[in-house]
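So in the working numbering, spot 55 of the sequence shown is number 55, and the numbers just go up one at a time. Scroll down for the structure; my scribbles are underneath it.
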Amino acid sequence: MGKLAAAFLLTTALTLHACAVTASEGMLASITAPKALDKEFLRRQCEMEDAAACYLTKGEIPPLPRLPIAQGVAPADRAVFVVQLGPLAKVRYYLRQKEDQSIRPLPIAKVHNREHSSFRLERIEATKLEADKTYELLLADLTGHLIDARAFTPLRDGAEAFRFAFVSGADSAAPAPEEAGIWKSLVDRKPRLLFGLGNMVATTGQAPLDPAALWDRYADTRNALSLFRSAELIPIAATWNEQDYGTPGGKHDDRTNPHTDEARDIQEAFFPAMGDIGSVSEGPGLAKSISLAGQTWILLDDRSFREGDATPPACRDSPAPSCPAREASQTGTIANFGRVQESWALEIIENAKGPVWLLSANPWFGAAYPTTSFEGSQPAAFANFRAQLENSMKKAAAREGRFPLFLGSANPFFTEARMVKPFLKSNYAATEFSVGPIHPRQASLSLPASLKAPVKNRALAGRYFFFTSWPNGAGLKLSAEAVEPENRAAFELKYDAPAAYPSAKTKKRAAKKQR
Numbered sequence: 001m002g003k004l005a006a007a008f009l010l011t012t013a014l015t016l017h018a019c020a021v022t023a024s025e026g027m028l029a030s031i032t033a034p035k036a037l038d039k040e041f042l043r044r045q046c047e048m049e050d051a052a053a054c055y056l057t058k059g060e061i062p063p064l065p066r067l068p069i070a071q072g073v074a075p076a077d078r079a080v081f082v083v084q085l086g087p088l089a090k091v092r093y094y095l096r097q098k099e100d101q102s103i104r105p106l107p108i109a110k111v112h113n114r115e116h117s118s119f120r121l122e123r124i125e126a127t128k129l130e131a132d133k134t135y136e137l138l139l140a141d142l143t144g145h146l147i148d149a150r151a152f153t154p155l156r157d158g159a160e161a162f163r164f165a166f167v168s169g170a171d172s173a174a175p176a177p178e179e180a181g182i183w184k185s186l187v188d189r190k191p192r193l194l195f196g197l198g199n200m201v202a203t204t205g206q207a208p209l210d211p212a213a214l215w216d217r218y219a220d221t222r223n224a225l226s227l228f229r230s231a232e233l234i235p236i237a238a239t240w241n242e243q244d245y246g247t248p249g250g251k252h253d254d255r256t257n258p259h260t261d262e263a264r265d266i267q268e269a270f271f272p273a274m275g276d277i278g279s280v281s282e283g284p285g286l287a288k289s290i291s292l293a294g295q296t297w298i299l300l301d302d303r304s305f306r307e308g309d310a311t312p313p314a315c316r317d318s319p320a321p322s323c324p325a326r327e328a329s330q331t332g333t334i335a336n337f338g339r340v341q342e343s344w345a346l347e348i349i350e351n352a353k354g355p356v357w358l359l360s361a362n363p364w365f366g367a368a369y370p371t372t373s374f375e376g377s378q379p380a381a382f383a384n385f386r387a388q389l390e391n392s393m394k395k396a397a398a399r400e401g402r403f404p405l406f407l408g409s410a411n412p413f414f415t416e417a418r419m420v421k422p423f424l425k426s427n428y429a430a431t432e433f434s435v436g437p438i439h440p441r442q443a444s445l446s447l448p449a450s451l452k453a454p455v456k457n458r459a460l461a462g463r464y465f466f467f468t469s470w471p472n473g474a475g476l477k478l479s480a481e482a483v484e485p486e487n488r489a490a491f492e493l494k495y496d497a498p499a500a501y502p503s504a505k506t507k508k509r510a511a512k513k514q515r
C-alpha cells in the first residue's frame, strides 16, 4: 500500500498514526509506528499551507495549481483518466471513496510521449467502482505533498434526469476571460456526459500536419483550456473534424490523409475510452456507442473512412468560392463513414431499446453547406444511408416498439436546431441539433454567400447545446438549450419526442380500435 493510502486509511479509521515530517516534507511523506495523531500539529501544518494536512483535518482542499486532466468514457464500474505532465513531474495517483474514506493507489496504465515534446500523458484506470458511491482522483508528489484532487462521477444511470452537452470548435488562442467563462458556465450546469463533436483542437499550417506538429497542437490546447482544470471532471467522448484530424483547410481531410493512423493514436491518447460489450462499445476508427439512461448515442468517425466528396449540386451550375475544386463528372456514390462503420452503426440501431442519437462532426442535412454537410457534399451516398437507416429503424420498432431518433452534429458557422425528415419514404420528422464553435474565433471564415445575410446575427448565438432528458416510456422528454457565455439560453426547445415508427403491437391495437 502506498504511503498516501496508508495515511488516509489509518487516519479515517481512527487508528491514528503519526507522520514523520521534516520542514521540507509533506504531511503524507511517510508513516512511523502507531501513536496518537496530534490534531493541533495538523492544524498548524494546515496553516502553513500543507494541503494534505488541511485535507486530513477539514476535508477541504486549498487552492492548488491544477494539472490538465481529462476523464474519458468507461462502463459504470470503471473510470479512465489522462493527465498531462511536464518533463520533470513525477506523480503518484490514488482513488478516494468519499463515503467510507477509503483510499487505494492507482497504477499508471500507460504513458504517451513524443521525443520532440516536453509534455507526456499518463493514463490512469480505476476499476471496481460502486454505483452508489462518490469518488475523488488524488495526485501526490514523491515526497507526499498533495498536488491535485478532482471529484468525479463514473458514467452511469441515475434515477434523476440525465444531463449531457454537445460542444465543438475549441481554441487554445481564445482570450482568457472569455475562454474560462464559457467553460465555467458548462461545468456549473453539471453535465453527466460531454460530447466533443470535432475540432476540439485548432490547427493551422500546411495540411496534412505531420504527427509531431499535431501532437503539439493537442498538448497546447489541453494545457490552455480551463475545462481540463475544473474541480469536477466530466466524462468526455470525442470525435474529430478536419482540424483535430490534422487537415486544416480541408486538404486530405478524408482517408487520403497519410497520417490517419498516427492521428488516431494521438486523439485516443488525449481522449481516452474503455469499452465493453454493454454500455460503452468502441467501433471502427474513433466510433463509439454509449447506452445509458435509456438512450443510445452513436458517435461516428467521418474522417478515417471518408472517400472524398462528390461535386455537390449547389456547386455544379454556379460554383461559389466555398465549393471544392472537383470534377463535375463525380456522381456522389462514395461513402462518408465507410461501409464497415455504417453497418456497425445500423446494427446497433436495429438492437436499440430506446431513443437513438446519431452524432457526427459534420451536419447531416443542409444542401446549402456544399463542403460540410453529408447531404450537400455526398448526396447519393446520403440518400443511400437514409434508406438503410429507415430500414434499421423499422426492424427495431417491430421488435421493441416506440422510440425516437435524434441527430447531432457540429456546424462551422452557427448553432441551430431544425426539423428534418431523416427517412426517404416516411414523413417522420426528427430534430438535428447542430452546435457551432464554443470559441467564436473558430467560426468558419468561408461562410457560403447564400447564408451570410440570414445568419449574420446568429453566428455567435449559443456556444454549446445543453440537454436534460427524462425517460417517458419508450419515448423521451427532452429540454435542449443553446447557451451563451453569460449562462443564458439563446433559445430553448422542449420535446415529448414521438416514436419514429410504431411497433407491430401498437399497429395491432390501432387496427382493433378502428374496427
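C-beta: ideal position from N, C-alpha, C; glycine also.
For V91, which residues from the same chain have a beta carbon less than 6 Å from its beta carbon, with the 5 sequence-adjacent residues on both sides left out?
L139
Three-state class that DSSP yields for A490 in the structure shown
Residue state, collapsed to three classes: strand.
Which two residues bound the contiguous beta strand (DSSP E) that contains W344?
Segment 339-350 is the alpha helix (DSSP H) holding W344; no beta strand (DSSP E) there.
Tell me whether the beta-carbon of F365 lies closer than 8 Å to the beta-carbon of G475.
no
For the beta strand (DSSP E) that contains Q71, what are its first and last residues?
69-71
Quick test of the definition: if touching needs 3 or more C-beta pairs under 8 Å, does the region 112-119 touch the region 246-262?
Contact between the region 112-119 and the region 246-262 is absent, with fewer than three C-beta pairs closer than 8 Å.
Residue from E484, W297, T468, P437 with nearest C-alpha to S172
Among E484, W297, T468, P437, the Cα nearest to that of S172 is on P437.
Looking at C-alpha atoms only, which residue of R156, N199, Y94 is the closest neighbour of E136?
Y94
Can you tell me whether E160 is buried or exposed, with buried defined as 16 or more other CB within 10 angstroms of its CB?
exposed
Does the distance from the C-beta atom of F433 to that of A380 stay below 8 Å?
Not in contact: F433 and A380 (Cβ atoms no closer than 8 Å).
Taking contact to mean at least 3 C-beta pairs separated by less than 8 Å, is the region 416-428 in contact with the region 200-209?
no
So for D148, helix, strand or coil by DSSP?
strand
Euclidean distance between Cα positions of I298 and I147
37 Å
Pick from N391, S289, T143, E307: whose alpha carbon is nearest that of I348?
S289
Suppose you measure from the CA of P75 to the CA of L197; what does that come to, to the nearest Å?
21 Å
Is it the case that the Cβ atoms of F337 and F305 are separated by a distance below 8 Å?
Yes.
If you measure between the beta carbons of L106 and I124, is that distance less than 8 Å?
yes
Taking just the CA atoms, how far does P191 sit from A151?
14 Å
According to DSSP, simplified to helix, strand and coil, what is P448?
Its pLDDT being 48, under 50, P448 is placed unreliably in this model, and the value from its coordinates should be taken loosely. Coil at P448, not helix or strand.
Within its chain, find whatever has a CB closer than 7 Å to the CB of H439; leave out the 5 residues flanking it on each side and keep chain order.
G169, A170, D171, A174, E179
Would A490 and G462 be called neighbours here (beta carbons separated by less than 8 Å)?
yes
Name the residue from D77, A482, A70, S409 whose alpha carbon lies nearest to the alpha carbon of D302.
S409
Backbone CA spacing between F195 and S291 [nearest angstrom]
In this structure, the CA atom of F195 is about 14 Å from the CA atom of S291.
Are the Cβ atoms of K421 and E390 separated by less than 8 Å?
no
Would you identify the three-state DSSP class for K394, choosing helix, strand or coil?
helix
Is the beta carbon of F467 closer than 8 Å to that of A482?
No. Outside cutoff.
At the level of alpha carbons, what is the spacing between L214 and L227?
Their backbone Cα atoms lie some 20 Å apart in a straight line.
Suppose you measure from the CA of P471 to the CA of R43; what does that come to, to the nearest Å?
48 Å
Measuring straight from C-alpha to C-alpha, what distance separates D496 and A165?
19 Å
Could you name each continuous beta strand (DSSP E) segment of 3 residues or more that falls completely within the region 407-446, going from the start of the chain to the end?
Taking 3 residues as the minimum length, the beta strand (DSSP E) runs contained wholly in the region 407-446 are 416-420, 430-435, in order along the chain.
For A387, which residues from the same chain have a beta carbon less than 7 Å from its beta carbon, with the 5 sequence-adjacent residues on both sides left out?
Only L424 meet the Cβ criterion.
Consult DSSP for R509 and reduce its assignment to one of helix, strand or coil.
Model confidence at R509 stands at a pLDDT of 40, short of 50, so the residue's coordinates are unreliable and nothing is read from them.
CB L478 to CB L407, shorter than 8 Å?
no
With distance defined between alpha-carbon atoms, name the residue in A237, A176, S185, L209 nearest to M200.
A237
Would you report the Cα separation of A224 and S373, rounded to the nearest angstrom?
Taking the Cα positions, A224 is about 30 Å away from S373.
Pick from F162, V73, F41 that is closest to S281, judged by C-alpha positions
V73
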